[in-house]
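Just so it is clear: in the sequence shown, position 312 is 311 by numbering that gives the first Met the number 0, and no numbers are missing.
Think of the CB as a built atom: it goes at the ideal place given N, C-alpha and C, for glycine as much as any other residue.
Note that the structure is a prediction, hence the values are computed from the model and not measured.
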Amino acid sequence: MFTPAPDSLVARDLARGHPVWSHAIQLLWSSWVFIIPIFDDHGYTLRWVWLTLVSYSLFLFFYAKCCTGSPRVAGWYATAMLVMSLVLMPWYPSGMTYFVFGCIMLSCGLLRPIHYALGLLFANLVCIGEGRWLHYPWGALAWLPITTIIIGILVQFERSNARKNAELALSHAEVRRMAAFAERERIGRDLHDLLGHTLSMVALKADLAGKLIDRDPQGAQREMAEVARIARDTLSEVRATVTNMRNAVLTAELASAKVLLHADNILLATQIDEILLKPDAESALAMSLREAITNVQRHAGARYVEVRLQRDGKGVAMEIRDDGRGGELRAGNGLTGMRERLEAHGGSLELLANGERSDRGTTLVARLPARCLA
C-alpha cells in the first residue's frame, strides 16, 4: 500500500542517499494535536479522545500517501487533510494541526509555485473565515497563515534546489556518457586506421613470402624481415595509442567539470600540460578533480575556477583555484577520500584558504610522485 512511487518524495530522497525515515521525523510537529487541549477550556474530553483516534489515524494515512505517492495523487491526499481539518473545526480545535500539514504537503503535487501560493491563500482564508464564524479567538487563528506561508515557501525553495541539483547531476552523467561514447568512437577509428592498413600489408607480404620460399629464398627472407619490422612498428604505435586513450579519463572529467560549472554561470579556465600517467594514478587524479569541482559548485559561491596540471621537480601537480568565499576548511568525507586516493600512490593533498593566500578563494593542490608517470 505504501510502496514508494518512482517519482514520490521518498523515492527521490532515497535516490539522493537520504534515509527512508527522514520524512517520519516531520511527524514530531503533529504533537500539537495532543498539546492544544491544554489551552482549551474543555481540555481532554471523551469526545476529544475518540475524535483523535479516528482523525489521527486518517492523518497518518494521508501523510504517508503524500510522501510515497506520485505527485499526480499526492496533492489530493493533502487536500483531503485540509478538508478533514475544516470539517473537524466545530468540535475539534486540534484539527488545525492537520490544516498546517495539509498546506505544506500541497507542495507535493503538480502545482506550479504561483498556483501553490494561491492555494495557500485560499485555504487560509477559508480556515480563518470558518474559525471566526465559530467564534475562535483571533490569537488561535492568526498564527495559521504566518506558519503555513513561511514553512510553505521554505519547503518550495528546498525542493526547487533539490530538483536543480538532480538536473545538474543528470546533466553531469549525460556529459560523462557522451564523452565515453565519443571516446569509444575515437578508439574504433584509431584502431581501424592503425591496424586495418597494417594487417592488410602483413597478409600480402606473408602470402608473397610463401610464394617466394621455393623460387627465391632470399627474397622470401626479405619479405619476412619486412613483416617483422612492420609488426614491431605497429606494436609501438598501438602502445602509444593506448597511452593516449588513458589520458581520456582526465580529459572527460575536465569536460564534465566545464558543463557542471557553466550551468551555474561559473567560468572554468584550464592550463593542462601533456603528461602521461599510469592508469590507476590518472584515475585518482581524475576523481580528485571531480570531487574538488563538485565542492566548488555546491559550497564555494565562486564565479571563476582555474585548473592547472603541470610537471615539477617532484612529479605532477594539479592545482584547482577558485575565487569563492574561502575561509576555514574542514576535511569532510570528500576531501578525506581524495587524500586517501592520492596517498595510496605516494601523493598528497594540500589545501590553501584565505588565511594562507593574499587573494580571495581557495586553492587545492593534488600531487603525485614521478613514479606515477607512464
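Validate contact between the segment 289–301 and the segment 263–274 using beta carbons, cut 8 Å, 3 pairs
yes
Report buried or exposed for asparagine 160, applying the criterion of at least 16 other Cβ atoms within 10 angstroms of its Cβ.
As a working mapping, residue 160 is identified with position 161 in the sequence shown. Classification for asparagine 160: exposed.
For glycine 354, which residues in the same chain have their Cβ closer than 6 Å to its Cβ, ignoring the five residues on either side in sequence?
In the sequence shown, residue 354 corresponds to position 355, counting from 1. No answer about glycine 354 holds up, because its pLDDT of 48 lies below 50 and its placement is not dependable.
Which of helix, strand or coil DSSP assigns to leucine 266
If you number the sequence shown from 1, residue 266 lands on position 267. Leucine 266: strand per DSSP, three-state reduction.
Span separating the alpha-carbon of tyrosine 55 from that of tyrosine 91
The residue labelled residue 55 in the question sits at position 56 within the sequence shown. The residue labelled residue 91 in the question sits at position 92 within the sequence shown. Going from the Cα of tyrosine 55 to the Cα of tyrosine 91 covers about 12 Å.
Taking leucine 59 as part of the alpha helix (DSSP H), name the residues at either end of that continuous run.
Within the sequence shown, residue 59 is the residue found at index 60, counting from 1. Element bounds for leucine 59: 45–67.
8 Å Cβ shell around isoleucine 229 - same chain, five flanking residues per side excluded
On the sequence shown, position 230 is the one that residue 229 refers to. These residues qualify, in order along the chain: Thr197, Met200, Val201, Lys204.
Ordered along the chain, which non-local residues of its own chain (more than five positions away) have a Cβ less than 8 Å from that of serine 357?
Against the sequence shown, residue 357 aligns to sequence position 358. Confidence is the limiting factor: at serine 357 the pLDDT is only 43, short of 50, which leaves the residue's position unreliable and the question unanswerable from this model.
Can you say whether alanine 23 is buried or exposed, counting buried as having 16 or more other CB atoms within 10 angstroms of its CB?
Sequence index remark: in the sequence shown, residue 23 carries index 24 (1-based). With fewer than 16 other Cβ atoms within 10 Å, it is exposed.
Indicate the three-state DSSP secondary structure (helix, strand or coil) for proline 3 in the structure shown.
Taking the sequence shown and counting its residues from 1, one reaches residue 3 at position 4. Coil at proline 3, not helix or strand.
Count the other C-beta atoms from every protein chain shown that fall within 10 angstroms of the C-beta of aspartate 321, then say buried if there are 16 or more, exposed otherwise.
One-based indexing of the sequence shown puts residue 321 at position 322. Result: buried.
Would you tell me roughly how many angstroms separate the C-alpha atoms of leucine 348 and tyrosine 115, rounded to the nearest one?
Here residue 348 corresponds to residue number 349 of the sequence shown, with the count starting at 1. Here residue 115 corresponds to residue number 116 of the sequence shown, with the count starting at 1. Those two C-alpha atoms are separated by around 47 Å.
I'd like to confirm something about leucine 50: is its beta-carbon nearer than 7 Å to some heavy atom of the ligand NAD, or not?
Judged by which ligands are present, the structure shown has none, so any question about the ligand NAD falls away.
Can we say the segment 64–79 touches the segment 32–52, given the rule of at least three CB pairs closer than 8 Å?
no
From alanine 254 to leucine 110, what does the alpha carbon distance come to, in whole angstroms?
Against the sequence shown, residue 254 aligns to sequence position 255. Against the sequence shown, residue 110 aligns to sequence position 111. Approximately 36 Å between the Cα atoms of the pair.
Arginine 310 lies in the alpha helix (DSSP H); which residues open and close that run?
Here residue 310 is taken as the residue at index 311 of the sequence shown, counted from 1. Where arginine 310 is concerned, there is no enclosing alpha helix (DSSP H), although the beta strand (DSSP E) it sits in stretches over 303–311.
Please report the straight-line C-alpha distance between glycine 151 and isoleucine 271, rounded to a whole angstrom.
As a first step, residue 151 is located in the sequence shown; it is residue number 152 there, counting from the start. As a first step, residue 271 is located in the sequence shown; it is residue number 272 there, counting from the start. Between glycine 151 and isoleucine 271, the C-alpha separation is close to 47 Å.
Could you check the C-alpha separation between glutamine 296 and arginine 289 for me, to the nearest Å?
Taking the sequence shown and counting its residues from 1, the one referred to as residue 296 is at position 297. Taking the sequence shown and counting its residues from 1, the one referred to as residue 289 is at position 290. Taking the straight line joining both Cα atoms gives about 11 Å.
Count the other C-beta atoms from every protein chain shown that fall within 10 angstroms of the C-beta of lysine 64, then say buried if there are 16 or more, exposed otherwise.
By one-based count along the sequence shown, residue 64 stands at place 65. So lysine 64 ends up on the buried side.
Is it buried or exposed for histidine 344, if we count other Cβ within 10 angstroms and need 16 for buried?
Taking the sequence shown and counting its residues from 1, one reaches residue 344 at position 345. Buried, since its Cβ has 16 or more Cβ neighbours within 10 Å.
Among Leu350, Leu85, Leu259, whose alpha-carbon lies nearest the alpha-carbon of glutamate 129?
Indexing the sequence shown from 1 puts residue 129 at position 130. Selected option, being the one with the closest Cα: Leu85.
In the DSSP assignment, what are the bridge partners of leucine 351?
Translated into positions along the sequence shown, residue 351 becomes position 352. Answer is Thr362, bridged to leucine 351.
Counting only the same chain and skipping the five closest in sequence on each side, list residues whose C-beta sits under 7 Å from that of serine 106.
For this step, residue 106 is matched to residue 107 along the sequence shown. Around serine 106: Tyr115, Gly151, Val154, Gln155, Arg158.
Comparing C-alpha positions only, which one of Ala316, Phe38, Arg366, Tyr97 sits nearest to alanine 139?
Taking the sequence shown and counting its residues from 1, one reaches residue 139 at position 140. Out of Ala316, Phe38, Arg366, Tyr97, Phe38 has the C-alpha closest to the C-alpha of alanine 139.
Cutting at 6 Å between CB atoms, please list the residues of its own chain near arginine 307, excluding the five before and the five after it.
Counted from its first residue, the sequence shown places residue 307 at position 308. Gln270, Glu318.
Between the CA atoms of leucine 276 and methionine 286 - distance to the nearest angstrom:
Looking up residue 286 in the sequence shown gives position 287. Looking up residue 276 in the sequence shown gives position 277. Taking the straight line joining both Cα atoms gives about 14 Å.
Where does arginine 320 sit, in a helix, a strand or coil, going by DSSP?
Here residue 320 corresponds to residue number 321 of the sequence shown, with the count starting at 1. Arginine 320: strand per DSSP, three-state reduction.
Buried or exposed for phenylalanine 121, please, with buried defined as at least 16 other CB atoms from any protein chain shown within 10 angstroms of its CB.
To locate residue 121, count along the sequence shown from 1; it is residue 122. Exposed is the call here.
Residue closest to leucine 234, alpha-carbon to alpha-carbon, out of Ala251, Leu194, Met80
Here the question's residue 234 lines up with position 235 in the sequence shown. Checking every option, the nearest Cα to that of leucine 234 belongs to Leu194.
How many angstroms separate the CA atom of leucine 341 from the CA atom of leucine 211?
Within the sequence shown, the letter at position 342 stands for residue 341. Within the sequence shown, the letter at position 212 stands for residue 211. Near 58 Å, if we compare the C-alpha coordinates of leucine 211 and leucine 341.
Cβ shell of isoleucine 34 (< 8 Å), same chain only, five flanking positions each side left out
Residue 34 sits at position 35 when you count from the first residue of the sequence shown. There are no such residues.
Going by DSSP, which residues form a beta bridge with asparagine 372?
To locate residue 372, count along the sequence shown from 1; it is residue 373. Residue identity check: residue 372 is leucine in the sequence provided, not asparagine. Looking at the DSSP assignment, leucine 372 forms a beta bridge with Leu276.
Between the CA atoms of leucine 119 and isoleucine 148 - distance to the nearest angstrom:
Along the sequence shown, one-based indexing puts residue 148 at 149. Along the sequence shown, one-based indexing puts residue 119 at 120. Rounded to whole angstroms, isoleucine 148 to leucine 119 spans 7 Å at the Cα level.
Report the residue from Leu367, Glu222, Leu13, Arg324 whose alpha carbon sits nearest the alpha carbon of glutamate 339.
Numbered from its first residue, the sequence shown carries residue 339 at position 340. Ranking the options by Cα distance to glutamate 339, first place goes to Leu367.
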